[in-house]
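**Q**
Number of protein chains: 2
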Amino acid sequence: MFQNSRTLLSVFSSFPQRATSCSLRSISSQRYRRWYSIHADSASTAKLEIEPDKVSVQKTTTPKELIPSEELVFGRTFTDHMLSLEWTASEGWLPPRITPYQNLSLDPATCVFHYAFTAFEGMKAYKDTSGNIRLFRPEKNMARLNKSAARIALPNFDGESLIKLIGEFCKLEERFIPSSRGYSLYLRPTLIGTQRTLGVGPPGSALLYLIASPVGPYYPTGFKAVSLEATDYAVRAWPGGVGDKKLGANYAPCIVPQMQAASRGFHQNLWLFGEEEYVTEVGTMNLFAAIKNKETGQKELLTAPLDGTILEGVTRDSVLALARQRLEPEGWKVVERKYTMKELADATDEGRMIEVFGAGTAAVVSPVRKISWKGRLVECGLPEGEEAGELTMRMKNWIEGIQYGDEEHEWR
Amino acid sequence: MFQNSRTLLSVFSSFPQRATSCSLRSISSQRYRRWYSIHADSASTAKLEIEPDKVSVQKTTTPKELIPSEELVFGRTFTDHMLSLEWTASEGWLPPRITPYQNLSLDPATCVFHYAFTAFEGMKAYKDTSGNIRLFRPEKNMARLNKSAARIALPNFDGESLIKLIGEFCKLEERFIPSSRGYSLYLRPTLIGTQRTLGVGPPGSALLYLIASPVGPYYPTGFKAVSLEATDYAVRAWPGGVGDKKLGANYAPCIVPQMQAASRGFHQNLWLFGEEEYVTEVGTMNLFAAIKNKETGQKELLTAPLDGTILEGVTRDSVLALARQRLEPEGWKVVERKYTMKELADATDEGRMIEVFGAGTAAVVSPVRKISWKGRLVECGLPEGEEAGELTMRMKNWIEGIQYGDEEHEWR
Numbered sequence: 003m004f005q006n007s008r009t010l011l012s013v014f015s016s017f018p019q020r021a022t023s024c025s026l027r028s029i030s031s032q033r034y035r036r037w038y039s040i041h042a043d044s045a046s047t048a049k050l051e052i053e054p055d056k057v058s059v060q061k062t063t064t065p066k067e068l069i070p071s072e073e074l075v076f077g078r079t080f081t082d083h084m085l086s087l088e089w090t091a092s093e094g095w096l097p098p099r100i101t102p103y104q105n106l107s108l109d110p111a112t113c114v115f116h117y118a119f120t121a122f123e124g125m126k127a128y129k130d131t132s133g134n135i136r137l138f139r140p141e142k143n144m145a146r147l148n149k150s151a152a153r154i155a156l157p158n159f160d161g162e163s164l165i166k167l168i169g170e171f172c173k174l175e176e177r178f179i180p181s182s183r184g185y186s187l188y189l190r191p192t193l194i195g196t197q198r199t200l201g202v203g204p205p206g207s208a209l210l211y212l213i214a215s216p217v218g219p220y221y222p223t224g225f226k227a228v229s230l231e232a233t234d235y236a237v238r239a240w241p242g243g244v245g246d247k248k249l250g251a252n253y254a255p256c257i258v259p260q261m262q263a264a265s266r267g268f269h270q271n272l273w274l275f276g277e278e279e280y281v282t283e284v285g286t287m288n289l290f291a292a293i294k295n296k297e298t299g300q301k302e303l304l305t306a307p308l309d310g311t312i313l314e315g316v317t318r319d320s321v322l323a324l325a326r327q328r329l330e331p332e333g334w335k336v337v338e339r340k341y342t343m344k345e346l347a348d349a350t351d352e353g354r355m356i357e358v359f360g361a362g363t364a365a366v367v368s369p370v371r372k373i374s375w376k377g378r379l380v381e382c383g384l385p386e387g388e389e390a391g392e393l394t395m396r397m398k399n400w401i402e403g404i405q406y407g408d409e410e411h412e413w414r
Numbered sequence: 003m004f005q006n007s008r009t010l011l012s013v014f015s016s017f018p019q020r021a022t023s024c025s026l027r028s029i030s031s032q033r034y035r036r037w038y039s040i041h042a043d044s045a046s047t048a049k050l051e052i053e054p055d056k057v058s059v060q061k062t063t064t065p066k067e068l069i070p071s072e073e074l075v076f077g078r079t080f081t082d083h084m085l086s087l088e089w090t091a092s093e094g095w096l097p098p099r100i101t102p103y104q105n106l107s108l109d110p111a112t113c114v115f116h117y118a119f120t121a122f123e124g125m126k127a128y129k130d131t132s133g134n135i136r137l138f139r140p141e142k143n144m145a146r147l148n149k150s151a152a153r154i155a156l157p158n159f160d161g162e163s164l165i166k167l168i169g170e171f172c173k174l175e176e177r178f179i180p181s182s183r184g185y186s187l188y189l190r191p192t193l194i195g196t197q198r199t200l201g202v203g204p205p206g207s208a209l210l211y212l213i214a215s216p217v218g219p220y221y222p223t224g225f226k227a228v229s230l231e232a233t234d235y236a237v238r239a240w241p242g243g244v245g246d247k248k249l250g251a252n253y254a255p256c257i258v259p260q261m262q263a264a265s266r267g268f269h270q271n272l273w274l275f276g277e278e279e280y281v282t283e284v285g286t287m288n289l290f291a292a293i294k295n296k297e298t299g300q301k302e303l304l305t306a307p308l309d310g311t312i313l314e315g316v317t318r319d320s321v322l323a324l325a326r327q328r329l330e331p332e333g334w335k336v337v338e339r340k341y342t343m344k345e346l347a348d349a350t351d352e353g354r355m356i357e358v359f360g361a362g363t364a365a366v367v368s369p370v371r372k373i374s375w376k377g378r379l380v381e382c383g384l385p386e387g388e389e390a391g392e393l394t395m396r397m398k399n400w401i402e403g404i405q406y407g408d409e410e411h412e413w414r
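Line order of the protein sequences matches chains A and B.
Each residue of the first sequence is one higher than the one before, starting from 3 at the first, in the numbering used here.
Each residue of the second sequence is one higher than the one before, starting from 3 at the first, in the numbering used here.
Spelled out as structure tokens, the structure:
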């Protein structure tokens, strides 16, 4: 667990660590607005530059044995190498390094251990039928990681340069990407604060690293509909908080409610918000509900809007775009608006419920069978014995078709 | 930054990492209550036991040079050693170790880096005039760390055993505790999840460690009143969230608002809550306001109640207890209730404001000069040229008298 080296970067922030005298200025320029989420600029907008051409590559001398595809478990085994970039407030991004996968050695005072300075992404590399490696909308992940980082005073970076490096990394790890449909290489870019002082302030140094785990299909034997527990006793996100960012801070607090839901037989929490019991998201996926409109009978695909409490899912965005392009011509209406748990229950009770699915990088889409709410079970339109609705299946096929390159598309 | 060893503990949790088939049971036993904070039992109530007698001590062979007292900065330099205990779900707490202060070597997939599995405490060891080392109400810190840990599915432990170990550690580090008044050894017990998988679930392994930093007086040249910015555009805590726990997750999201307040000349944010603009806390301290009651003229010492959005400060608790014991007989009334920013502003406008101070481990008490709110500055009762009110000074002397053993008290 330990090593004696104390070679860690020790760039200390110049931010005041304790009360110091400050002048009171520009009081009149303060603006008081009610944002659902604050608009954080990067802690260091001046130093975005990454130099992909300066990458150093140190290949492993002990390559790992490949694990049989059918034994792969999400995020448990990793490839031979990792990509890493150090950042300091004074020097910006240092040259990228690809090295053998190895432990991080960090001072026990490092701020990520104490104050949760961590933001991350989840993305996948796919092998198409011609054996080419494809990334799916990586610029979306880069943009989101930059937004997440800025919200907790971690540095921003040039996304295109990082995509180039990720491409190079994927080529090096090609043998770990199974070529069968449904398989992929899960990529986890992670950005942590590495300053080693206990003063609470913006980190003066950071580490951006990427590790990769080969993964199999989320549903190896075909879709398996999940059951959700509508949760109001704990709250995942709130206006003015950080629920729309992919921060470590959003995850640890959700585990105990998840265990409690599991103890009652449910796979995940469906996070409700407020007295109105608005449906927000599942924590690991965004939620879509297909229902018929109460007044007009119009078929609608509903999802919660990006109001600062909802993660800006890349799959969510893709589902919305494809639905607008391919479902609206068929007579569907795609609607981003706040909707309540009661609306869903009413739709079920009145025979207007069509289907419900989650959307996220891990499963792409995930059919929902029922939602536990106030002591009752709200059925989500799946007939007994069926594991996915028609819309869910079509959406999965559309998105996977683009991901694996069966269909040429600008997102590949 | 890196090392090649992969000797990290690899106890994987048996918690399902992906959707699996679960039976739906005991729906009727679900209870829907509106808690301000969920009551999490320990992830492992069965394995609290720590064995202080089994501690192994490996002393440093390269003792550090002591830093002159006047150059000490909070949390920047550390003592020679650290205390650490590993935990695994199957074995419970392994024998404690005191070792030279050293880096932690962790797999890059370790869950603390991704999902913010971290809880911590802040406490101090003081040297009294007879040269004895004293801890101040350490059982309070142990209880709080256990509550924080349980809320994010980290293991609990027997507090008394850990206090014993901390005592032993402090004795070993005695030379780092300056004996002058105002100086102390800041102790940082930290508990992190160490499971090295990316599946989102309760950690199957954890590390509890303690590092220590010698610190000088928070106000080396006497009190210096701070200015606060009442903050409503970002929200620190929410009912049903984790704002009452000492989790890393509560800290990183507060840095950007802190930087923004600093850019306008304020030392800290005063976190408001809701449309009513309730005064909650400062993020690093709880807040106390001494005002005269609008109707009765009664002198009141106000602080926000522990409703799940307020950190249960040990200093807060000590201030309340001393105020009830020593101020109420003088005619004060001590009140824990929700109060609004407007109430404070009205008290100032109507000549009823007496004084305002923060309370926390770092500064004990911290006088407040003014609060920026809606484009105006609310003065907090301090005459020009004075840096602390009478109550603030008395409270500081009372608490420090107990901490340094001038007064014999059950809290020592």
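All C-beta atoms, glycine included, are put in the ideal place defined by N, C-alpha and C.
Values in this document were obtained by computation on a predicted structure and should not be read as measured data.
I want to verify the contact list: residues of chain A whose CB lies under 7 Å from the CB of isoleucine 194 (chain B), in sequence order.
**A** Position 192 of the second sequence holds residue 194 (chain B). Here the neighbours are Phe115.
**Q** Does DSSP put serine 15 (chain A) in a helix, in a strand, or in coil?
**A** Taking the first sequence and counting its residues from 1, one reaches residue 15 (chain A) at position 13. Confidence at serine 15 (chain A) is low in this model, with a pLDDT of 28, below 50, so the placement of that residue is unreliable and no value is reported for it.
**Q** Just by C-beta distance, which residues in the region 126 to 160 of chain B are closer than 8 Å to chain A?
**A** So the close ones are Ala152, Arg153, Ile154, Ala155.
**Q** Work out the CA separation of proline 241 (chain B) and alanine 236 (chain A) for me, nearest whole Å.
**A** Translated into the one-based positions of the first sequence, residue 236 (chain A) becomes position 234. Translated into the one-based positions of the second sequence, residue 241 (chain B) becomes position 239. Whole-angstrom Cα-Cα distance: 8 Å.
**Q** Using only alpha-carbon positions, find the residue among B:Lys301, B:Ser207, B:Ile404 that is nearest to proline 331 (chain B).
**A** Here residue 331 (chain B) refers to the residue found at position 329 when the second sequence is read from its first residue. Out of B:Lys301, B:Ser207, B:Ile404, B:Lys301 has the C-alpha closest to the C-alpha of proline 331 (chain B).
**Q** Relative to the C-alpha of aspartate 130 (chain B), which candidate in B:Asn148, B:Pro102, B:Gly184, B:Thr101 has its C-alpha closest?
**A** The count along the second sequence starts at 1 and reaches residue 130 (chain B) at position 128. Cα-wise, what sits closest to aspartate 130 (chain B) is B:Gly184.
**Q** Could you pull the start and end residues of the beta strand (DSSP E) that threonine 305 (chain A) belongs to?
**A** Working through the first sequence from its first residue, we reach residue 305 (chain A) at position 303. Its beta strand (DSSP E) spans residues 301 to 305.
**Q** Report yes if the CB atom of valine 258 (chain A) is closer than 9 Å to the CB atom of alanine 251 (chain A), and no otherwise.
**A** Position 256 of the first sequence holds residue 258 (chain A). Position 249 of the first sequence holds residue 251 (chain A). For valine 258 (chain A) and alanine 251 (chain A), no; Cβs fall outside 9 Å.
**Q** Got a sec? Which residues, its chain only, sit under 6 Å from phenylalanine 1 (chain B) by beta carbon, not counting five neighbours each side?
**A** Outside the modelled stretch of chain B, which goes from 3 to 414, sits residue 1 (chain B), for which no answer is possible.
**Q** Between aspartate 319 (chain A) and lysine 142 (chain A), how many whole angstroms is the CB-CB distance? I'm expecting something under 8 Å.
**A** Residue 319 (chain A) sits at position 317 when you count from the first residue of the first sequence. Residue 142 (chain A) sits at position 140 when you count from the first residue of the first sequence. That pair is a contact at about 7 Å.
**Q** Which word fits arginine 27 (chain A), buried or exposed, when buried means at least 16 other C-beta atoms lie within 10 angstroms of its C-beta?
**A** Locating residue 27 (chain A) in the first sequence gives position 25, where the first residue counts as 1. Unreliable positioning characterises arginine 27 (chain A) in this predicted model, as indicated by a pLDDT of 30, which lies under 50. The coordinate reading is nonetheless provided below. With fewer than 16 Cβ atoms within 10 Å of its Cβ, arginine 27 (chain A) is classed as exposed.
**Q** Can you list, in chain order, the residues of its chain whose CB lies under 7 Å from that of glutamate 51 (chain B), leaving out five sequence neighbours each side?
**A** Within the second sequence, the letter at position 49 stands for residue 51 (chain B). Excluding sequence neighbours, glutamate 51 (chain B) sits near Gly94, Trp95, Asp160.
**Q** What residue does the beta strand (DSSP E) around methionine 355 (chain B) start on, and which one ends it?
**A** For this step, residue 355 (chain B) is matched to residue 353 along the second sequence. Here the beta strand (DSSP E) through methionine 355 (chain B) covers 355 to 362.
**Q** Please identify the residue among A:Pro98, A:Phe359, A:Gly133 whose C-alpha is closest to the C-alpha of asparagine 288 (chain A).
**A** As a first step, residue 288 (chain A) must be located in the first sequence, where it is residue number 286. Closest by alpha carbon: A:Phe359.
**Q** Measuring straight from C-alpha to C-alpha, what distance separates tyrosine 38 (chain B) and alanine 145 (chain B)?
**A** By 1-based counting over the second sequence, the position of residue 38 (chain B) is 36. By 1-based counting over the second sequence, the position of residue 145 (chain B) is 143. In this predicted model, tyrosine 38 (chain B) has a pLDDT of only 44, less than 50, meaning its place in the structure is not dependable enough to derive any value.
**Q** So glutamine 270 (chain A) is in the beta strand (DSSP E); what residue range does that whole segment cover?
**A** Here residue 270 (chain A) is taken as the residue at index 268 of the first sequence, counted from 1. Taken as a continuous stretch (DSSP letters only), the beta strand (DSSP E) holding glutamine 270 (chain A) covers 270 to 275.
**Q** Where DSSP assigns a beta bridge to serine 215 (chain A), which residues make up the other side?
**A** On the first sequence, position 213 is the one that residue 215 (chain A) refers to. DSSP, once it has assigned bridges, lists A:Tyr188 as partnering serine 215 (chain A).
**Q** Relative to the C-alpha of glycine 267 (chain B), which candidate in B:Ser374, B:Glu357, B:Ser150 has its C-alpha closest?
**A** On the second sequence, residue 267 (chain B) is found 265 positions in, with the first residue counted as 1. The shortest C-alpha separation from glycine 267 (chain B) is found at B:Ser374.
**Q** Quick check: what's the CA-CA separation for valine 380 (chain A) versus aspartate 234 (chain A)?
**A** Mapped onto the first sequence, residue 380 (chain A) falls at position 378. Mapped onto the first sequence, residue 234 (chain A) falls at position 232. Between valine 380 (chain A) and aspartate 234 (chain A), the C-alpha separation is close to 16 Å.
**Q** According to the neighbour-count rule (16 or more other Cβ atoms, all chains shown, within 10 Å of its Cβ), is threonine 286 (chain A) buried or exposed?
**A** The residue given as residue 286 (chain A) occupies position 284 in the first sequence. Classification for threonine 286 (chain A): buried.
**Q** State the Cα-Cα distance for the pair proline 140 (chain A) and alanine 364 (chain A), rounded to the nearest angstrom.
**A** Working through the first sequence from its first residue, we reach residue 140 (chain A) at position 138. Working through the first sequence from its first residue, we reach residue 364 (chain A) at position 362. Rounded to whole angstroms, proline 140 (chain A) to alanine 364 (chain A) spans 15 Å at the Cα level.
**Q** Name the chain A residues that come within less than 9 Å of asparagine 419 (chain B), Cβ to Cβ?
**A** Missing from the structure shown is residue 419 (chain B); chain B here goes from 3 to 414 and no further.
**Q** Look at the alpha carbon of valine 281 (chain B) and the alpha carbon of glutamate 345 (chain B), and state the distance between them as a whole number of angstroms.
**A** Residue mapping note: residue 281 (chain B) aligns to position 279 of the second sequence, counting from 1. Residue mapping note: residue 345 (chain B) aligns to position 343 of the second sequence, counting from 1. If you take the alpha carbons of valine 281 (chain B) and glutamate 345 (chain B), they lie about 10 Å apart.
**Q** Tell me the DSSP bridge mates of tyrosine 128 (chain A)?
**A** As a first step, residue 128 (chain A) is located in the first sequence; it is residue number 126 there, counting from the start. Paired residues: A:Arg136.
**Q** Anyone know if the C-beta pair for isoleucine 401 (chain B) and valine 366 (chain B) falls short of 9 Å?
**A** Within the second sequence, numbered from 1, the residue matching residue 401 (chain B) stands at position 399. Within the second sequence, numbered from 1, the residue matching residue 366 (chain B) stands at position 364. The answer is yes: Cβ separation under 9 Å.
**Q** In this structure, what does DSSP give as the bridge partners for isoleucine 373 (chain A)?
**A** Here residue 373 (chain A) refers to the residue found at position 371 of the first sequence. According to DSSP, isoleucine 373 (chain A) bridges with A:Leu230, A:Val380.
**Q** Where does aspartate 408 (chain A) land, buried or exposed, given buried means 16+ other C-beta within 10 angstroms?
**A** The residue you call residue 408 (chain A) lines up with position 406 of the first sequence. So aspartate 408 (chain A) ends up on the exposed side.
**Q** Counting along the chain, where does the beta strand (DSSP E) carrying lysine 294 (chain B) start and finish?
**A** For the purposes of this step, residue 294 (chain B) is taken as the residue at position 292 of the second sequence. It spans 288 to 294 - the beta strand (DSSP E) in which lysine 294 (chain B) sits, taken as one unbroken run.
**Q** Count the CB pairs spanning the region 381 to 391 of chain B and the region 149 to 167 of chain B that are closer than 8 Å, and state whether there are at least three.
**A** Touching, no, given that fewer than three Cβ pairs across the two stretches are closer than 8 Å.
**Q** Once you ignore the five residues that flank proline 205 (chain A) on each side, which residues in its own chain have a CB closer than 7 Å to its CB?
**A** To locate residue 205 (chain A), count along the first sequence from 1; it is residue 203. Result list for proline 205 (chain A): Ser15, Cys113, Phe119, Ala155, Leu156, Gly195, Thr196, Gln197, in chain order.
**Q** Would you verify that the beta carbon of serine 215 (chain A) is, or is not, closer than 9 Å to some beta carbon of chain B?
**A** By 1-based counting over the first sequence, the position of residue 215 (chain A) is 213. Yes, serine 215 (chain A) lies at the interface with chain B (some Cβ there is under 9 Å from its Cβ).
**Q** Within 8 Å, do at least three Cβ pairs link the region 208 to 227 of chain A to the region 78 to 95 of chain A?
**A** With a cut-off of 8 Å, the region 208 to 227 of chain A and the region 78 to 95 of chain A count as touching, because enough Cβ pairs lie within range.
**Q** Which residues in the same chain as isoleucine 179 (chain A) place their Cβ atom closer than 8 Å to its Cβ, once the five residues preceding and following it in sequence are excluded?
**A** Walking along the first sequence from the start, residue 179 (chain A) turns up at place 177. Correct list, in chain order: Ala127, Tyr128, Lys129, Ile135, Cys172, Tyr185, Ser186, Leu187, Pro216.
**Q** I'd like the list of long-range same chain contacts for tyrosine 103 (chain A), defined as Cβ closer than 8 Å, with 5 residues on each side in sequence excluded.
**A** Against the first sequence, residue 103 (chain A) aligns to sequence position 101. Thr62, Phe80, Thr81, Asp82, His83, Met84, Ile213.
**Q** Is there a Cβ from chain A that is less than 9 Å from the Cβ of proline 180 (chain B)?
**A** Within the second sequence, numbered from 1, the residue matching residue 180 (chain B) stands at position 178. No, proline 180 (chain B) lies away from the interface with chain A (no Cβ there is under 9 Å from its Cβ).
**Q** Kindly indicate the opening and closing residues of the alpha helix (DSSP H) around tyrosine 117 (chain A).
**A** As a working note, residue 117 (chain A) is residue 115 in the first sequence. It spans 113 to 117 - the alpha helix (DSSP H) in which tyrosine 117 (chain A) sits, taken as one unbroken run.
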